[in-house]
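Residue numbers (my numbering): 707 to 842. What follows is one structure encoded as structure tokens, with my remarks underneath.
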């Protein structure tokens with residue numbers, strides 16, 4: 707397989723939509739908001755930077771589980787394939803698109819952050835995965 711796999715940590719930005727295809731395959735879809743955190747030396751505090759949004763698709767058993775257990779605003783870790791759908795913009799040659807992914811795994815994020823949102827000792831402080839990840 708020649709696909710891009712990634713793991714993102716964020717909070718659900720929408721409630722999961724759930725339906726079944728004509729063939730009876732379960733499908734769930736939700737948006738995941740991922741906010742980068744940066745250490746502000748002047749303030750000596752962790753600050754929110756930018757937020758990227760991803761559309762997450764889940765299929766079959768994972769879709770059923772997501773629909774039954776994921777709620778709005780819940781912290782999640784999602785692991786799956788990444789797909790960026792391009793759309794033409796007003797200026798020729800300028801293309802951008804929403805980032806989305808097909809989830810292979812989804813889990814509640816319960817460790818790695820202190821109550822104030824700062825990374826705990828030994829945890830990574832930044833979930834950024836690179837430019838172009840921001841979706842609409």
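Heads up, the beta-carbon is just placed ideally off N, CA and C, and yes, glycines get one too.
Check, Outcome
"Segments of 3+ residues assigned as beta strand (DSSP E) that fall wholly inside the stretch 717–746", "723–726, 732–746"
"Option nearest residue 716 by Cα separation, candidates 730, 744, 735, 739", "739"
"Alpha helix (DSSP H) segment containing residue 772, residue limits", "766–775"
"Spatially closest choice to residue 742 from 734, 752, 736, 733, by CA coordinates", "752"
"Inter-residue CB distance, residue 737 and residue 759 (contact presumed, cutoff 8 Å)", "6 Å"
"Closest by C-alpha distance to residue 776, when choosing among 712, 762, 755", "762"
"Rounded distance between the beta-carbons of residue 765 and residue 732, thought under 8 Å", "7 Å"
"Below-8 Å beta-carbon distance, residue 709 vs any chain D residue", "Among the chains in the structure shown there is no chain D, since it carries only a single protein chain."
"Beta-carbon separation (whole angstroms), residue 718 vs residue 778, contact threshold 8 Å", "6 Å"
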